[in-house]
Each structure stands twice: as C-alpha cells, then as structure tokens.
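The C-terminal position of the sequence shown is numbered 613 in numbering that gives the first Met the number 0, with every residue numbered one higher than the one before it.
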Amino acid sequence: MLSLRVAECSLHSKKLAYKAINCRKHTAVLTDFGAVGDGKTLNTKVFNAAIRNLSRYALDGGAQLIVPPGRWLTGSFNLTSHFTLFIEKGAVILGSQDESQWPPLPVLPSYGRGRDAPGGRLSALIFGTNLTDVVITGNNGTIDGQGATWWKKYRAKEYNVTRPYLIELIVAECSLHSKKLAYKAINCRKHTAVLTDFGAVGDGKTLNTKVFNAAIRNLSRYALDGGAQLIVPPGRWLTGSFNLTSHFTLFIEKGAVILGSQDESQWPPLPVLPSYGRGRDAPGGRLSALIFGTNLTDVVITGNNGTIDGQGATWWKKYRAKEYNVTRPYLIELMYSNQIQISDLTLLDSPSWFVHPIYSSNIIVKGLTIIASIYSANTDGVDPDSCSNVRIEDCYIVSGDDCISVKSGWDQYGYKLGIPSQHLIIRRVTCISPFSALIALGSEMSGGIQDVRAEDITAIDTESAVRVKTAVGRGGYVKDIYVRRMTLKNMKYAFWMAGNYNQHPDPNFDLKAIPEINGINYRDVVATNVTFAGRLDGIAGDPFTGICISNVTMTMNPKENKLPWNCTDIAGVTSKVTPKPCASLHEKQGVNCAFPTDKLPIEDVQLKTCSSGQ
0 MLSLRVAECS LHSKKLAYKA INCRKHTAVL TDFGAVGDGK TLNTKVFNAA
50 IRNLSRYALD GGAQLIVPPG RWLTGSFNLT SHFTLFIEKG AVILGSQDES
100 QWPPLPVLPS YGRGRDAPGG RLSALIFGTN LTDVVITGNN GTIDGQGATW
150 WKKYRAKEYN VTRPYLIELI VAECSLHSKK LAYKAINCRK HTAVLTDFGA
200 VGDGKTLNTK VFNAAIRNLS RYALDGGAQL IVPPGRWLTG SFNLTSHFTL
250 FIEKGAVILG SQDESQWPPL PVLPSYGRGR DAPGGRLSAL IFGTNLTDVV
300 ITGNNGTIDG QGATWWKKYR AKEYNVTRPY LIELMYSNQI QISDLTLLDS
350 PSWFVHPIYS SNIIVKGLTI IASIYSANTD GVDPDSCSNV RIEDCYIVSG
400 DDCISVKSGW DQYGYKLGIP SQHLIIRRVT CISPFSALIA LGSEMSGGIQ
450 DVRAEDITAI DTESAVRVKT AVGRGGYVKD IYVRRMTLKN MKYAFWMAGN
500 YNQHPDPNFD LKAIPEINGI NYRDVVATNV TFAGRLDGIA GDPFTGICIS
550 NVTMTMNPKE NKLPWNCTDI AGVTSKVTPK PCASLHEKQG VNCAFPTDKL
600 PIEDVQLKTC SSGQ
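What follows is the structure, encoded as structure tokens:
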C-alpha cells in the first residue's frame, strides 16, 4: 500500500495552514453554491452539487471545499476522489433529523444484514465509495450528528433499518493490492496503486488517457522512495498514448486489455528520431507510442499474461492508402533509458512496430506473445535500435514483418549519430512471418551492429531466418554475428544476405558510405522444406567477408526444383553443409563456426520475485 506522508497545505483565501496527505490545486467555499448557515435551511442538495462540481478537478490537482463558520444543516452527501472537505473553526455541519435525507443502502457484504435490524441501512452523513485520496479535516470545526432522536427511536425499536454512521468510506470489492500475485522483475516496488483508484473505467468505450497519465504522474513521487507499481485490473481500458516514469512497474493483470484508441488526437506528435532524419513512414514527424518513455531508469512493463491491443487494422489501411504524412505510432517505445524489462504479456495488432527500445541499454524482453496479421504493415515484433546489452528470450511472434529487427539508424543520420546496437543475446524465440525474417540485421544499420548472439531459435512458414539487409549509402557495419541451434520449417530462404536493400531517407545519401559486413557465423542448423538454401548478395567492390556456415542440414522443397544457392560478392568457409554451398564459400573440413563462450553482462541479471500487492 502507499505509505502516508503529510504535506503542508493552505486555504487559498485565508492562508490557514493544515496538514494533509495531499494538498489541492483548486478551492471553493460552500457559500459559493448557495448554502445558508442558519441551522434551519436544509443544504443537502448544495453539499452534493458543490462536491459534484469540484469532482471535475480530480485529475487536475484536486479540489478542496471550505465549510465556513455557520450552522450547516444537511442530510447525507457523497464525497469524491482527490478531494478535501475542510471545516473551519466555528463551522458546524448539522445532521438532519429528517430521515428522508438519508438514502437507504444495501447491507454490507461482510455483515449479511443491518447491524441494528435485519433490513438494510441508511447512508452515512458523509459518505464515499471507491474513492482515492480523500481528506476530511479542519481547524477544529465540528460535525454534529444530532443523534439523540436516533438513539431514542432505536431503543424504542422503531427502526427496521440500521441507523446512519457519521462518516463512512467503503469500497465495492477488494482491489488487486490484496491478491499478492507473484511475478519476476529486475526490481520490486514499495508502493502500489490500482488504475481504478484514479477513476478509470474499463468498459472498452470510456477514454482513459488522462487517467493513465495522471496515475503515473501521481506515482512518480515515489521514484526515490522504493518506486511504485500501477496495477491494471481485468477490464478493457481504452486509451491514447501515455508516458511512463522511472522506478516504476506497469502490471497488466490477466483479463486486462489496454486498448489503443483510434482517435489520432490521442497520440501526440513527436519530432523525428535523430538517427533517422525523417519519419519511417513519411517525411514528417511521428506519433507517440501507446506506451512511451524517455530518459528513464528502471522501468518494468509486465503482467500475468495481460494484453496490450493496438487495434492496428485501421492504421494499416490508412497507411496503405497513403493518408498519413507522419509515421504511425509504435506499441511500446522507450528512448534514452536504462534498465528496462518488458515481459509476460500478449501484444496484439500494433499500428506499426511493437516493441522499440532506442538509444537505451540493459534491456530484458521476455515471455512475450506478439501477434499481428501476416498481411499487416510493418508490424515488426521487437526492434532494439541503437541499444546495448539486450536480452530477448522465450517469445512467440507472428508478424507481417520481421519478428526481430536489430537497427541503429538510417544512412547519414545513423552513422553521424554513431550509436551502435551491440551485445545482444536472442534465444528461445519462435517466429512465423511468411514475408519477412526471423531476425533482421538492418536495414537501418548505419550506426553499426556488433556482437549479436542468437541460439535455440525457430522459424516456421517464414521467408528467411537471420538476414542481413544493407546497401551502398548505409555506411556502418554488421560484424561479429553468431547463430547456433536454429530450426527452420517451410522456408523460402534458409540463409539470405542482401547488399542491395535500396531504401533511403532522402536523395542526399553518400555513395561512398559503404557498409562493412564481416564475421557472420551460423552453425548447427536443421531446415526442412526449403525453397532456396541461400541467397547471399554482397556489394560489388565491397564483398561480405568472414562468413562461416557449419553443421547444416537442409531438405529442399521437391516441388520448387530451384538452384539451391545463389552467391555474389561474398567470401567465407563452410563445413558439413547440405546441400553443397556455392564456390565462394570454401569447404574447410573440421570447422565449427564460432560462438562466444563468455556471457554478456545482461545474461547475469537475475530477476527478483515481486508481488503485485503489499
């Protein structure tokens, strides 16, 4: 639970100081709404109207209602969230003795009947349910229930309902705090809140963008006090883009679906990425990701198989119709950040790329199920972009584009910024992508890609396995790539390298910016029903070198009857490869292509067992 801190607050007009868990941005006085403090005039409607009016400020710093000196007769009234009722010295809230001013309520579920009588009960004088951040205070003001008449009638057994309490705050059901679901994370959190604490509605129709942002902004104050986690409970939570904070966990419960709004006004524009120089879809900028963060430390997005659904079909259709002059949003994007975990979730139908960490380090992506139509537009699964020390494991991806694409910037913008992607481990990943790759290295590789390790990976009904994509003008490098224990089924290409991937951000690319491709290692591969064993196309005058392929068995598709290998401008060695490779890959007996024996630092990161409740 959130720990209690007391802040110094004031009444704006009189500047009376008081202590409270939270101060308020907005202030009103009961008399502003027509209340009469003569002890005779009934103010029930005034209290309720005043609080209802102030509830609009719940997500804008909250509000306080001042009860000034006077005798304020009233029946039961309801409070709201992020609200303070301040009763001044000399002010008396008087409980009405007119029982019609106290609405009936059902019995409490933990009691099964009224406390006084078998029937229900009457609402408290000051009542609230399912609220967050409520303060009832003053400088020795008074609440007088005028109970003598009630006591007398109770003793005379005149009631078949339970008498009202003076103040009652209740919840409709226990929140996730108490469920204590265990999960694994890089760091656990001291403080917990539930999305509904902030007024979210999970009906799939109500827009919750402001609620997500307000909730996370509220929890950001705990960053240096053990951090905080926001629980998204079961429901369908429609939202536009929202921003994360540091030392924070977003926990999406099983049965919870975060739905991306199709209202484009809910996705703020962002400037182009400096390593791209323009939007990936169009020359203009780009729209913020559904879940976005920049310059953060220690961020976890996880759950027990909760769902994030980008509702991308409309975006794909408009993109293909060329209706956008900006780049579509990604599902998750974290920039300039460190210590990131994205795990144990189902991700559906991103408008564009699903998971895009960029200019970031120390990243764990684990246990994701990522699914989009195989005919969707550019729905890459996981795209580490100019990132270091990355671990991607135990993921299942069905995509209309590359399942994993390692990137580092586009042409001159990428190599001038010069932030490589390096030190990546990818393991136990299964991919289905009939028109793209299991793992793509590029095509945006101009900042460099180095030391990528992939093992125990599977591609089914996929165009290619681990593919290099580059061209003249890209600059940069792809080197020290290591792949082992790869299982391929129903593939167009088992091995594919393309030095002619000629997509450029603008006509100003440098023809002298020649990429370096060197040290690409594959070993221990079994492939069945393959159309082409390999298509390896380097760059004329700049061959791809240091290619090594060993211990590979491929069964060709008998219906295709294609030439197994097609190689130009490459150099390397092979050993124990069937069918026999092209001549530029020399057979060298006894070669076992390299795979590093050391561990990357990210592999030694141990996840802690955390609880989604306190």
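Heads up, the beta-carbon is just placed ideally off N, CA and C, and yes, glycines get one too.
The structure presented is a predicted model; accordingly, all values stated were derived computationally and were not measured.
Buried versus exposed, by CB contacts within 10 Å (16 or more), residue i
i: ASP505; result: exposed
i: HIS585; result: exposed
i: PRO563; result: buried
i: GLY366; result: buried
i: SER359; result: buried
i: SER109; result: exposed
i: ARG120; result: buried
i: ARG162; result: buried
i: ASN294; result: exposed
i: LEU165; result: exposed
i: ILE86; result: buried
i: ILE169; result: exposed
i: GLN502; result: exposed
i: GLN588; result: exposed
i: ALA123; result: buried
i: PRO595; result: exposed
i: LEU437; result: buried
i: ASN560; result: exposed
i: LEU218; result: buried
Close beta carbons around residue i, own chain, < 6 Å, minus the five adjacent residues each side
i: SER351; result: ARG327, TYR329 and ASN377
i: THR429; result: TYR395 and THR457
i: ILE373; result: GLY399 and PRO433
i: CYS8; result: TYR17, ALA19 and CYS22
i: ILE300; result: LEU249 and ILE341
i: CYS173; result: Below a pLDDT of 50, predicted positions are generally treated as unreliable, and CYS173, at 32, falls in that range; no measurement from the model is reported.
i: ILE548; result: TYR521, THR573 and VAL576
i: TYR615; result: Nothing about residue 615 can be read from this structure; the chain reaches only from 0 to 613.
i: PRO105; result: GLY119
i: SER349; result: GLY309, GLY311, LEU330 and THR378
Residue i (DSSP reduced to helix, strand or coil)
i: PRO356; result: strand
i: PHE291; result: strand
i: GLY540; result: coil
i: ILE373; result: coil
i: PHE46; result: helix
i: ILE601; result: helix
i: TRP616; result: No information on residue 616 is available, as it lies outside the stretch 0 to 613 that the chain covers here.
i: TRP409; result: coil
i: GLU263; result: helix
i: ALA213; result: helix
i: ALA464; result: strand
i: ASP59; result: coil
i: PHE32; result: helix
i: PHE85; result: strand
i: PHE508; result: coil
i: ALA171; result: Summary for ALA171: the model assigns pLDDT 35, below 50, so the residue's position carries little reliability, and this model does not support an answer.
i: LYS365; result: strand
i: SER54; result: helix
Close Cβ partners of residue i (< 8 Å) along its chain, the five nearest in sequence each way excluded
i: VAL325; result: PRO268, GLY278, ASP280, ALA281, GLY283, GLY284, ARG285 and LEU286
i: LEU93; result: GLY38, ARG70, TRP71, LEU72, THR73, ASP143 and GLN145
i: LYS24; result: TYR56, ASP59, GLY60, GLY61 and ALA62
i: TYR614; result: With the chain represented from 0 up to 613, any question about residue 614 goes unanswered, as that position is not in the structure.
i: ALA49; result: ALA27, LEU29, ASP31, PHE32, ALA34 and LEU64
Close Cβ partners of residue i (< 7 Å) along its chain, the five nearest in sequence each way excluded
i: ASP196; result: THR131
i: ALA171; result: Note that ALA171 scores a pLDDT of 35, beneath 50, so its modelled location is shaky; the value from the coordinates is reported in the next line. Here the set comprises THR128 and ASN129.
i: GLU252; result: LEU175, ILE230, VAL231, PRO232, PRO233, GLY302, ASN303 and GLY305
i: LEU606; result: LYS183, ALA184 and ILE185
i: ASN47; result: PHE76 and ASN77
Separation of residue j from residue i, as counted between CA atoms
i: VAL624; j: MET553; result: No answer is possible for residue 624: the residues shown for the chain start at 0 and end at 613.
i: ALA16; j: ASN138; result: 9 Å
i: GLU263; j: TRP315; result: 13 Å
i: ILE257; j: PHE211; result: 10 Å
i: GLY441; j: LEU206; result: 37 Å
i: SER610; j: LYS183; result: 9 Å
i: ARG114; j: ARG154; result: 14 Å
i: SER583; j: ILE569; result: 7 Å
i: ALA539; j: CYS566; result: 12 Å
i: GLU392; j: HIS422; result: 14 Å
i: TYR221; j: VAL45; result: 37 Å
i: ASP343; j: PRO557; result: 40 Å
i: LEU599; j: ARG390; result: 9 Å
Counting Cβ pairs, one atom from each stretch, are 3 or more of them under 8 Å apart for the segment 461-481 and the segment 446-453?
-> Touching, yes.
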